[in-house]
Structures are given as structure tokens and as C-alpha cells.
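Protein chains in written order, with the numbering used here: chain A, 663 to 749; chain B, 5 to 349; chain C, 585 to 979. Where a beta carbon is used, it is the ideal one built from N, C-alpha and C, also for glycine. Since the model is a prediction, treat every value here as computed from it, not as a measurement.
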Amino acid sequence: MEKEQLKQQLKEQIIQFLNLTSVKPADIKDDEPLFGEGLGLDSIDSIELIVLLSREYGITIQDPKEGRKILVDINTMADYIILHQTK
Amino acid sequence: MYIHHHTCISPQQTFRNADVEALQENTDNKLKAKEPVYDGIPPGILRRMGKAVRMGIGAAIPIIKQQSTDGIIIGTANGGMEDCIKFLNQIIAYDEGMLTPGNFVQSTPNAIAAQMGLLDKNRGYNITHVHRGLAFENALLDAMLMIRENPGNHYLLGAVDEISDYNYNIDLLDGCYKNEKISNKALYTTSSEGTIAGEGAVMFLVNNDAENALAKINAIQTLHTTDETEVRHALRQFMQQHFAPGQKADMLLTGENGDNRLLKYYTAAESLFDDHTTVARFKHMCGEYPTASSVALWLACYPQPLPPHMIKKQGSAAAVRNIIIYNSYRGLQHSFIHIVITHKK
Amino acid sequence: MSRIFVTGMGMISAIGDAVQKNREALIRKQSGISTLTLFNTKYTGLRPCGEIKKGTQELKDMLHAHEKGTTRSSALALHAFKEAADDAGLSAQQLSSPHTALIGGSTVGGMCLTDELYHDANRSENGSEYLSSYDCASVNLYLQKRYRMGGIINTINTACSSSSNAIMYGARLLKNGLAKCVIAGGTDSLAKFTINGFNALHILSPEKCAPFDRDRKGLNLGEAAAFLVLEKEEDIAGKKTYAELTGYGNSNDAFHPSSLSDEGDGPFLCMQKALEKAGLSAPAISFINAHGTATENNDAVESRAMLRLFGTPPPFASTKANTGHTLGAAGAVEAVFSVLSLYYQEIYPGLHFSNAIAATGLKPETHYRQMSLQHVMSNSFGFGGNCTSLIFSKV
Chain A
663 MEKEQLKQQL KEQIIQFLNL TSVKPADIKD DEPLFGEGLG LDSIDSIELI
713 VLLSREYGIT IQDPKEGRKI LVDINTMADY IILHQTK
Chain B
5 MYIHHHTCIS PQQTFRNADV EALQENTDNK LKAKEPVYDG IPPGILRRMG
55 KAVRMGIGAA IPIIKQQSTD GIIIGTANGG MEDCIKFLNQ IIAYDEGMLT
105 PGNFVQSTPN AIAAQMGLLD KNRGYNITHV HRGLAFENAL LDAMLMIREN
155 PGNHYLLGAV DEISDYNYNI DLLDGCYKNE KISNKALYTT SSEGTIAGEG
205 AVMFLVNNDA ENALAKINAI QTLHTTDETE VRHALRQFMQ QHFAPGQKAD
255 MLLTGENGDN RLLKYYTAAE SLFDDHTTVA RFKHMCGEYP TASSVALWLA
305 CYPQPLPPHM IKKQGSAAAV RNIIIYNSYR GLQHSFIHIV ITHKK
Chain C
585 MSRIFVTGMG MISAIGDAVQ KNREALIRKQ SGISTLTLFN TKYTGLRPCG
635 EIKKGTQELK DMLHAHEKGT TRSSALALHA FKEAADDAGL SAQQLSSPHT
685 ALIGGSTVGG MCLTDELYHD ANRSENGSEY LSSYDCASVN LYLQKRYRMG
735 GIINTINTAC SSSSNAIMYG ARLLKNGLAK CVIAGGTDSL AKFTINGFNA
785 LHILSPEKCA PFDRDRKGLN LGEAAAFLVL EKEEDIAGKK TYAELTGYGN
835 SNDAFHPSSL SDEGDGPFLC MQKALEKAGL SAPAISFINA HGTATENNDA
885 VESRAMLRLF GTPPPFASTK ANTGHTLGAA GAVEAVFSVL SLYYQEIYPG
935 LHFSNAIAAT GLKPETHYRQ MSLQHVMSNS FGFGGNCTSL IFSKV
């Protein structure tokens with residue numbers, strides 16, 4: 663899958679997974695921080711996103727702290743998925 | 005303890021521009037709440053909320069906005085049942101694999117009071133009473149004690165419970181609901197076992213200030229028994245203890261719910277009242293659920309006379325000032341609340 | 585207002601099925617954390633727990649608790665309730681009196697039957713015997729029925745501070761004259777539901793937990809039931825009393841659904857309110873039974889809150905490494921431990937501690953010792969920011 667296509671799919675998955683009903687994929691910028699500022703996600707969301715990576719891309723992250731290095735913004739997530747996905 | 009502000013999200017038109025004159029009809033034995041647009045809840049927070057939490061917060065916001073409170077006291081039998089079952093389904097569906105924790109965190113009954121505290125930055129007293137059919141009554145008693153102990157304080161007191169497909173199914177298997185579909189308009193004319201399900205969120209602002217209050221909660225008592233003569237005896241004693249000599253109840257508001265097995269308790273209670281007292285009912289409006297008595301209290305504080313569809317027997321009392329609410333949950337948990345209306349009706 | 589005394593106690597936990605057995609285990613520094621053997625979950629062997637090694641059927645047989653729909657949570661509660669009521673010498677007549685109240689906290693209730701709940705929620709006929717046993721209230725309704733209790737019966741759920749709030753509420757009922765005797769406490773049993781829930785939050789330790797240790801890896805879940813009998817000074821002439829309940833405080837952290845604020849506002853405020861209620865200044869506290877779950881968040885925040893309030897905190901320790909975190913029962917379990925500390929003038933050490941948390945430098949007590957104690961504080965903090973502290977004092 664092309665990176666652009668992956669990023670679009672990822673945005674849709676995040677919105678659905680975190681029930682961000684008031685957000686559209688176009689509202690999420692590729693380099694906008696997911697946590698704190700930007701989307702304003704918190705620690706529970708970061709765990710939910712780790713589960714998303716596992717269920718959708720077969721990526722296992724054991725340590726949530728490790729996860730925060732990957733879950734920076736859409737770009738870093740997409741890059742990580744391209745390198746590590748198993749499905 | 006005095007009630008100063010009250011809000012209610014229920015299957016009827018009770019939230020914003022409340023009008024209970026016209027009865028909303030329902031024919032599938034599940035009276036679901038008419039949820040408003042929750043414009044007061046930030047979307048980032050709303051997205052995580054299951055129905056119970058959402059209704060509770062939605063009902064609380066108009067009160068919290070008006071008055072900062074010294075604590076939050078909530079009664080709910082089950083809290084976020086929907087989230088609880090969603091998490092349970094995850095456990096089964098993913099065979100205890102990687103699960104998302106959001107549902108788990110929202111599934112604990114204290115999530116409603118906790119979320120209110122979070123939203124209101126309220127670091128005061130915060131508690132959730134979950135004693136099934138007396139969860140609201142215990143919360144009410146707690147609020148009365150808090151006000152007795154801290155006379156100048158204000159508290160947010162409320163009750164929330166939701167229908168989920170799962171708890172409906174469990175209670176149906178347990179014989180709580182009717183097997184045949186009925187209209188809520190015909191609830192009291194059926195003679196079968198079981199009732200219809202309901203849900204809602206009711207919130208009150210309470211304090212010790214008589215001025216401009218809607219109503220005074222004079223007394224409350226709870227009872228566990230299956231014996232209707234014991235209920236009758238306890239209600240008689242309750243009134244002897246809390247009514248002034250010669251004083252009579254102008255209205256008895258009961259939780260009659262169309263379940264023929266529970267009628268004996270309501271008949272026993274009604275037998276204590278004479279022609280003076282109007283007998284009214286409310287479960288055709290909100291359905292049966294563990295904290296439904298909170299809706300009765302909201303209705304008791306309703307600023308207009310109660311509509312004809314609620315009246316079982318019209319009494320001769322010229323004005324409604326002293327109200328007794330009697331509710332029974334499954335014929336085991338019973339409560340009496342004595343309310344004195346302090347505003348004009 | 586009346587003074588409130590503890591006149592009876594009962595407890596069953598992973599380190600013993602009676603109060604005295606629990607005390608002996610604490611003195612011996614015994615941990616009840618082990619591999620799960622009594623129910624099936626994928627986490628058997630991966631997440632050690634404070635499991636009570638008595639099967640539910642064995643418990644029911646022991647207690648003659650064969651009523652339909654009796655859950656493990658109810659059986660554990662009955663076990664502790666009986667011991668507490670006997671210890672306080674309460675007769676059947678006293679138990680059924682309208683002046684005797686029962687206030688219990690629980691978070692799991694009958695949901696210990698996680699699989700049964702799932703099946704009952706999804707089947708259209710032939711429900712199990714547990715249809716009305718899944719909620720938190722089922723435990724106290726069971727006790728009410730069994731002992732025909734006539735006073736105020738209530739169930740409280742404030743997550744992991746549930747039974748501390750039950751004790752606080754019980755004391756307030758006594759002070760307001762709504763009961764003459766209160767049996768207050770809590771119960772929770774291990775469940776697939778909670779194991780998966782806490783595991784999903786990544787706060788279950790793969791090894792035995794190490795409260796307040798720099799390298800702590802999370803909590804161990806446990807199961808327990810504990811009850812205390814509370815009575816007013818004027819009603820207990822000549823009766824044995826263990827301790828006085830002098831202070832209690834409840835506050836909300838108002839920060840996050842499942843973790844505490846960095847500065848620990850909720851923990852700080854509930855400790856402060858408890859001191860106020862007891863009319864004590866911070867240095868009067870001789871010992872703190874800390875919440876100390878051994879999660880990264882709790883122990884760091886609780887340490888900071890203690891530093892804020894006490895400057896130099898008094899000796900403290902957590903008993904979570906002995907019993908596991910027993911959730912809705914934890915407040916009552918640790919109230920009993922606090923009362924035992926006062927009664928026997930001794931402190932029970934924390935286990936598995938090696939290095940202090942760098943940012944706070946606080947070290948829990950690690951050796952059993954006898955010590956002169958006047959006032960012991962017991963902390964409980966729950967999800968949703970529900971924080972409660974109790975203070976017991978020597979009689």
C-alpha cells in the first residue's frame with residue numbers, strides 16, 4: 663500500500679477506534695501531535711492505539727512507553743507500520 | 005434538606021421545556037430515554053461516554069453551570085452497563101488477548117460521579133451508592149446527612165440507570181419483564197407478571213436553604229422485606245413519626261408497575277389513606293429501573309399540577325403540599341419519602 | 585457527637601481465613617501472591633494474584649451457604665461477616681434489629697462469574713441460577729436475607745476506595761443516630777473481568793509486586809472480604825474495643841479516569857480532611873497504611889502527597905504485597921490491619937522493597953517491629969479519582 667493511502671486508512675481507523683465522532687480524516691494533519699495538543703488524546707487512548715496496531719497491522723508493542731515514541735503523529739505511525747506490519 | 009434545582013432526562017419530555025401533559029407512547033416494553041443534544045459536553049470527553057454516563061452528565065450540566073457544589077452524590081444500580089458488556093464481549097471475542105481498556109474504565113458504576121467531578125473540577129465529597137433498588141434512596145439519605153453535618157453546603161444529588169440489551173435480557177430471563185408486548189399507556193390494566201423496562205437520569209441541587217426552594221425532603225426510610233403487612237406497618241409508623249398531628253398526605257405517589265406480583269404492596273400502602281389523598285403513579289412514564297424513584301421525586305417537584313394520566317384516584321385535598329412517595333423494587337426493597345412542596349403548585 | 589469504636593473484626597484474604605491468621609502472616613512477612621489455581625484465564629502463570637486457596641464450593645459447604653445464586657463474593661463476605669459479628673458478640677436478635685446497619689463496598693460483586701454473565705446476557709432461555717446475583721448489591725442483599733437484617737442496608741462503589749467509604753458512611757450513620765451498630769466493610773473476588781481490565785491498562789505486574797520500589801512493575805490483584813463492627817461509646821459499656829475511628833475524609837482528584845494527578849490533590853485533600861475530622865495535626869500520625877498498589881502512578885503520587893502534607897512523613901508501608909490489591913475490599917482489609925497495629929502496638933512491614941523512588945526518596949518500613957502508636961492512617965484511592973483516608977486511634 664502506498665504511504666498516502668495508508669495514512670488515509672489510518673486516520674479513518676483512529677477516528678473509528680477512538681470514537682472521535684466530531685473529527686473527519688481531513689481534520690487530522692499528518693504532522694500534528696496526537697497527544698496533548700492537536701487531537702488531545704490521553705494515556706488511555708495511547709493504549710487503545712497500541713491495540714489498534716495489533717489488531718489491524720499485527721504489530722505487537724509490549725511497553726506503552728515504547729508506544730509513545732511511535733504514536734507521535736500520523737507520519738511516524740505510518741512509517742512504523744510500513745517497516746513492521748505483519749498483516 | 006431543600007431541593008433548589010432539578011433536571012430529568014427520561015423517556016418523556018422532561019428535559020428543557022418540560023411538558024409531561026402528553027404521554028409519549030411506547031410499545032416494545034423498553035422505554036428509552038429521549039436524549040437531548042449534549043451541547044454542554046466537550047466532544048473530546050463525550051466520545052468516551054456510554055449512555056449512562058452521558059445522560060448523567062447531560063442532566064447535571066445545567067445545575068453545575070448554575071451553582072458550584074461541595075460534592076457529588078450519585079445513586080446507580082449498574083452504572084455503565086453498556087461499557088461493561090462491551091468489555092465482556094471483548095474478553096470473549098479476543099479470547100483474553102489485547103483488549104482496549106476504555107470500556108473497562110467506563111464500566112465501573114462510579115464513572116458517572118467521577119466524570120462529573122472531572123468535568124466540574126470538583127475535589128469535594130464524591131460517592132456512588134449502588135444498592136440496586138435503593139441506590140437513589142441511599143444517595144438521598146447521604147445528601148441529607150452531609151447537609152446536616154455541613155449546613156452551608158450545596159450538593160449535586162442524582163440517579164442514573166440505563167437499559168442495555170444485555171441487562172434487559174438478564175432481567176427478562178429473571179422474570180422481571182412482561183413476555184407479551186404492551187403499550188405503556190396500558191401498563192396498569194394488564195394483569196400479568198412482569199413490567200416494562202426504563203431508564204433515565206435525574207439530578208437535584210440540594211442544600212439547607214428554605215428560601216426559594218422547590219421542595220423540602222422531610223424524611224426518608226428504606227426497608228427490606230417481602231411481607232406486605234410489614235410494609236404497611238412501617239409506612240404507618242413513618243407517617244406517625246414525621247407528620248404533625250392532624251396532618252395528612254395530600255398525595256401518595258407510588259411505583260406501581262403493572263406487575264401483578266407487586267400489586268399487593270401498593271394496595272397495602274394505599275389502604276392507609278382516605279379520600280383526602282390523591283393517589284398517583286409514574287412508571288408508565290419512565291418504565292421500571294432500580295433508580296426510578298428519582299423520577300417520582302422530580303415529578304413531585306414539578307411546578308404544575310400533575311397530569312390526569314398519572315392520577316389513579318383523585319382525592320379531596322385542595323392543594324398538594326405533603327407528598328409521600330412509596331416505591332418497591334421487585335417486592336424486596338421498599339422506600340418511603342416524605343416531601344413538602346414549598347413553592348406554589 | 586458520639587465517639588465511634590471498633591468492637592469486632594472479621595477477614596478472609598490470601599494470607600489467612602481469620603483476623604488472627606492474617607496478623608500472624610503479616611508478622612512473618614508472608615506473601616499470599618501465587619499462581620492462580622482456582623479458575624481459568626489465559627493469564628494463569630503470567631499474572632500472579634492474591635488468590636484465596638479455597639474453592640467456591642468448599643467455601644459454600646463450610647458456611648452452609650447453599651442458597652440459590654450464591655456467588656464467591658457473597659461467600660467470602662459471609663465468612664468475614666460471621667467472624668466480625670461473633671467477635672463483637674452480636675446476637676441474631678441484634679443482627680436483625682432495625683438499629684443495626686450493614687454497609688458494604690464492592691466493585692466486582694457477582695461479576696466474578698464473568699463467563700456466566702456473558703452467557704446469561706446472550707441466551708434466550710434457561711438462565712443460570714445467578715440472574716439476580718451479578719450486581720454489586722447482590723452481596724449485601726444476600727447477607728440481609730440470611731440474617732433478616734432490619735436496619736439500613738447499603739452498597740457503595742467508589743472503585744478501590746469502596747470499603748473505606750463504607751466505613752466512613754457507617755460512622756456517619758452512627759453519629760447521626762440512624763443506627764446503633766454498623767457492620768461495615770467490603771468484599772471482592774478475583775474475576776476474569778478485572779484481570780483483563782487491569783491487564784489492558786498495563787498495570788498488572790508479571791511478578792510479585794514491590795510497593796514504593798523504584799523498579800516496581802505494577803500491581804497484583806487479590807481477593808478478600810473484611811468487616812468491622814462499629815458502635816458508639818455509650819452503647820458498649822464493658823465490651824472489648826480494639827480502636828477508635830477518629831477521622832475520615834473523602835475527596836476527588838478530578839484529574840483523569842484511571843490515574844492520579846502528579847501532585848496528588850485528591851490523596852492530599854482526603855488525608856487533610858481526615859486529620860481535620862480527627863482534630864489532629866499531621867505530626868500526630870504515628871503510622872500510615874498506604875494505598876501503595878505498586879503501580880508506577882500510585883506510588884509516586886501517594887509519596888508526593890505524603891511529602892506535601894507531612895513534610896517528613898511518619899513510618900509507612902503497604903500490605904498490598906501480602907494480600908494483593910483486593911479492590912473493593914482493600915479499604916476494609918487495611919482498616920483491620922491498621923486497627924491491629926494499634927491494638928498490638930506493632931507495625932507490619934512492606935515486602936519486596938529494595939530502592940527508593942528517586943524523585944521522592946521515601947522508604948517504606950521493611951521490618952516487623954513493636955512501636956508505640958497513637959494514631960494510624962489508612963489510605964485508599966480508586967479509579968475515577970475517588971480518594972478516602974481513615975484514621976484510627978488507640979483506646
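Apart from the five residues on each side of it in sequence, which residues of its chain come closer than 7 Å, Cβ to Cβ, to residue i?
i	result
SER168(B)	MET85, GLU86 and ILE89
LYS861(C)	GLY831, TYR832 and GLY833
SER716(A)	THR722
GLY121(B)	ILE76 and ASN130
THR628(C)	THR619 and LEU620
Leaving out the 5 sequence neighbours to the left and right, which residues in its chain are closer than 6 Å to residue i when beta-carbon positions are compared?
i	result
SER717(C)	GLY653, THR655 and GLY694
HIS8(B)	LEU209 and ALA217
THR748(A)	GLY720
THR226(B)	LEU138, GLU141 and SER339
ILE151(B)	MET5 and ASN212
ALA147(B)	ILE77, TYR159, LEU161 and VAL210
HIS746(A)	ILE721
THR739(C)	GLY688, CYS720, ALA721 and ASN724
ASN157(B)	ASP74
Just to confirm, are residue i and residue j a CB contact at a threshold of 8 Å?
i	j	result
ALA741(C)	THR691(C)	According to the sequence displayed, residue 741(C) carries Asn and not Ala. Yes, the Cβ-Cβ distance between ASN741(C) and THR691(C) is below 8 Å.
ALA598(C)	GLY769(C)	no
PRO841(C)	VAL109(B)	yes
ARG3(B)	ASP797(C)	Nothing about residue 3(B) can be reported from this structure: the residues present for chain B run from 5 to 349 only.
LEU774(C)	LEU805(C)	yes
ASP278(B)	ALA323(B)	no
HIS347(B)	ILE328(B)	no
LYS823(C)	SER615(C)	no
LEU829(C)	LEU974(C)	yes
THR825(C)	ALA884(C)	no
GLU232(B)	LYS268(B)	yes
Identify the continuous beta strand (DSSP E) that holds residue i and give its terminal residues.
i	result
SER283(B)	One point to set straight first is that residue 283(B) is Val, not Ser, in the sequence displayed. Unbroken beta strand (DSSP E) run through VAL283(B): 282-285.
PHE679(A)	Here PHE679(A) belongs to no beta strand (DSSP E); instead the alpha helix (DSSP H) covers 665-679.
LYS638(C)	It is not in any beta strand (DSSP E) - LYS638(C) carries neither H nor E in the DSSP assignment.
PHE811(C)	808-816
SER745(C)	Taken as a continuous stretch (DSSP letters only), SER745(C) belongs to no beta strand (DSSP E), as it is neither H nor E.
HIS228(B)	219-228
PHE108(B)	Premise fails: PHE108(B) lies in the alpha helix (DSSP H), 106-111, not in any beta strand (DSSP E).
TYR748(A)	The identity of residue 748(A) in the sequence shown is Thr, whereas the question assumes Tyr. It is not in any beta strand (DSSP E) - THR748(A) carries neither H nor E in the DSSP assignment.
Which two residues bound the contiguous alpha helix (DSSP H) that contains residue i?
i	result
ILE67(B)	55-70
ASN906(C)	904-907
TYR269(B)	267-274
CYS971(C)	It is not in any alpha helix (DSSP H) - CYS971(C) instead sits in the beta strand (DSSP E) that spans 970-977.
CYS88(B)	85-97
GLY729(A)	726-732
Can you tell me the Cα-Cα spacing of residue i and residue j, whole angstroms?
i	j	result
PRO294(B)	THR778(C)	24 Å
CYS744(C)	LYS947(C)	23 Å
TYR333(B)	THR258(B)	11 Å
SER835(C)	PRO851(C)	7 Å
LEU144(B)	TYR932(C)	39 Å
VAL979(C)	VAL590(C)	10 Å
In its own chain, which residues sit with a C-beta less than 8 Å from the C-beta of residue i, not counting the 5 before and 5 after it?
i	result
ILE186(B)	THR31, ASN33, THR194, ILE200 and GLY262
LEU762(C)	ALA685 and ILE736
ASN737(A)	LYS669, ASP692 and ASP693
LEU191(B)	THR199, ILE200, ASN261, GLY262, LYS287 and HIS288
THR230(B)	GLY335 and LEU336
LEU680(A)	LEU703, ASP707, GLU710 and LEU711
Could you tell me which whole alpha helix (DSSP H) segments of length 4 or greater appear in the segment 649-720 of chain C? Complete alpha helix (DSSP H) runs here, min 4: 656-671, 676-680 and 698-706.
Every unbroken alpha helix (DSSP H) within the segment 143-204 of chain B, with a cutoff of 4 residues, ordered by chain: DSSP runs (the alpha helix (DSSP H)) wholly in the segment 143-204 of chain B: 169-177.
As an exercise, report each continuous alpha helix (DSSP H) stretch of at least 4 residues that is fully enclosed by the segment 860-924 of chain C, in chain order. Complete alpha helix (DSSP H) runs here, min 4: 880-894 and 904-907.
With a floor of 3 residues, list each beta strand (DSSP E) that falls wholly inside the segment 751-821 of chain C, ordered by position along the chain. Taking only runs of at least 3 residues, the beta strand (DSSP E) segments lying wholly in the segment 751-821 of chain C are 765-772 and 808-816.
Whole beta strand (DSSP E) runs in the segment 592-646 of chain C with 3 or more residues, listed along the chain? DSSP runs (the beta strand (DSSP E)) wholly in the segment 592-646 of chain C: none.
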